[in-house]
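Numbering (my numbering), first residue to last: 4 to 84.
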């Protein structure tokens, strides 16, 4: 299945979901590689990542859109405030 088709299926699932989670490891933030945008931040309820975010711009954008940030690191869970 092509990336475009997969993205359309994921968008349909996203629109029909009550809660939307994004699992993003720290290497994906500030990554300038080409990727397909799945949704705007205001669709997300949670971002789960492996390290605290070091980029204030991204952190503030997530907070502005009321996205909950959860850090999962080696068996422990930390919630951003």
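All C-beta atoms, glycine included, are put in the ideal place defined by N, C-alpha and C.
How about residue i: is its Cβ closer than 7 Å to a heavy atom in the ligand HEM?
i          : result
residue 26 : This structure simply doesn't include the ligand HEM, nor any ligand for that matter.
Could you tell me whether the Cβ of residue i comes closer than 8 Å to any Cβ of chain C?
i          : result
residue 15 : Within the model displayed, chain C is absent; a lone protein chain is all it includes.
Please list, in chain order, all residues of the same chain as residue i whose beta carbon is under 7 Å from its beta carbon, the five residues on each side excluded.
i          : result
residue 75 : 51 and 53
Quick one: what's got a C-beta closer than 6 Å to residue i's C-beta in the same chain, skipping five residues either side?
i          : result
residue 45 : 68
residue 21 : none
residue 56 : 62
When you compare the CB positions of residue i and residue j, do they come within less than 8 Å of one another, or not?
i          : j          : result
residue 49 : residue 24 : yes
residue 47 : residue 14 : no
Starting from the C-beta of residue i, find all residues in its chain whose C-beta is less than 8 Å away, skip the five residues before and the five after it, and write them out in chain order.
i          : result
residue 30 : none
residue 61 : 32 and 33
Just the Cα atoms here: how many angstroms apart are residue i and residue j?
i          : j          : result
residue 6  : residue 19 : 20 Å
residue 63 : residue 8  : 31 Å
residue 26 : residue 12 : 17 Å
residue 91 : residue 28 : Because the chain is modelled from 4 through 84, residue 91 falls outside the range shown and cannot be assessed.
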